[in-house]
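A short write-up of the structure that comes next.
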Amino acid sequence: MNLLTLAAPLLVLMGVSHSIAVAQPDDPLAGEKRIILKGNKGEQLDIGSVTFMPGADGIRYTLTIDHSHFTDYFLSMKEMKCLEGPELWCHLPYPYEQPRTVSKNNFSWLAHDLLFMYKKKGEFGANFWNGIYYKMTLNNGRITGVAQAIDLNQLAAPPDDLTLPPFGEFERTDIEPHPRFLPFVEIR
Numbered sequence: 004m005n006l007l008t009l010a011a012p013l014l015v016l017m018g019v020s021h022s023i024a025v026a027q028p029d030d031p032l033a034g035e036k037r038i039i040l041k042g043n044k045g046e047q048l049d050i051g052s053v054t055f056m057p058g059a060d061g062i063r064y065t066l067t068i069d070h071s072h073f074t075d076y077f078l079s080m081k082e083m084k085c086l087e088g089p090e091l092w093c094h095l096p097y098p099y100e101q102p103r104t105v106s107k108n109n110f111s112w113l114a115h116d117l118l119f120m121y122k123k124k125g126e127f128g129a130n131f132w133n134g135i136y137y138k139m140t141l142n143n144g145r146i147t148g149v150a151q152a153i154d155l156n157q158l159a160a161p162p163d164d165l166t167l168p169p170f171g172e173f174e175r176t177d178i179e180p181h182p183r184f185l186p187f188v189e190i191r
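What follows is the structure, given as structure tokens:
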């Protein structure tokens, strides 16, 4: 009998789901995972972590972005944390309340926490219509995603229903990943 099996009843009494106690280390939706942005030329940037916590009411997560890879920019009267490469890739945290939940078939809220805006280094200001949303799926035990285009201007006002992700399939457009700096994400 292992320690997790012995601890499971205590964790349940404390309000922690039994599924956390018996989660396997290779479970892609349990425990801490690294967030890796990937480029077309083999670039890989570890930008932080996401911790998944399975429970009776679904899988919740917390996100931690490591800003040590980012450079501060002041764009359009707003301070932004940007990754530097052929383009600036600026992280825009989702600004409204949201449940921070995922399922094996739906990573919409996690994608909303990983929104980016891209721009050429020499361009003036922020181009919020150049938004990036990573459409994510579960593949071979990893969460993978490919960049899609969105207009971040939609976030200027809160959505009517805060329980629904505002960037649904009809608000996103597939893009050619080749010209973009970091068109892929992998969570492992």
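If you read the sequence shown in the numbering used here, its first letter stands for residue 4, the second for the next number, and so on.
We treat Cβ as the ideally placed atom computed from N, Cα and C, and that holds for glycine.
For residue i, count neighbouring Cβ atoms within 10 angstroms of its own Cβ and tell me buried if that reaches 16, exposed if not.
{"i": "residue 183", "result": "buried"}
{"i": "residue 71", "result": "exposed"}
{"i": "residue 151", "result": "buried"}
{"i": "residue 80", "result": "exposed"}
{"i": "residue 106", "result": "exposed"}
{"i": "residue 131", "result": "buried"}
{"i": "residue 186", "result": "buried"}
{"i": "residue 158", "result": "buried"}
{"i": "residue 168", "result": "buried"}
{"i": "residue 171", "result": "exposed"}
{"i": "residue 82", "result": "exposed"}
{"i": "residue 115", "result": "buried"}
Going by C-alpha distance, which of the options is nearest residue i?
{"i": "residue 160", "options": "100, 35, 125, 178", "result": "100"}
{"i": "residue 85", "options": "108, 98, 40", "result": "40"}
{"i": "residue 154", "options": "34, 146, 167, 119", "result": "119"}
{"i": "residue 74", "options": "93, 32, 36", "result": "93"}
Determine the extent of the beta strand (DSSP E) in which residue i is found, giving its start and end residues.
{"i": "residue 114", "result": "Careful: residue 114 lies outside any beta strand (DSSP E), inside the alpha helix (DSSP H) at 111 to 116."}
{"i": "residue 145", "result": "145 to 153"}
Using 8 Å as the cut-off, can you tell me whether the stretch 119 to 139 makes contact with the stretch 45 to 64, which would need three or more C-beta pairs spanning the two stretches below that distance?
The stretch 119 to 139 vs the stretch 45 to 64: no contact.
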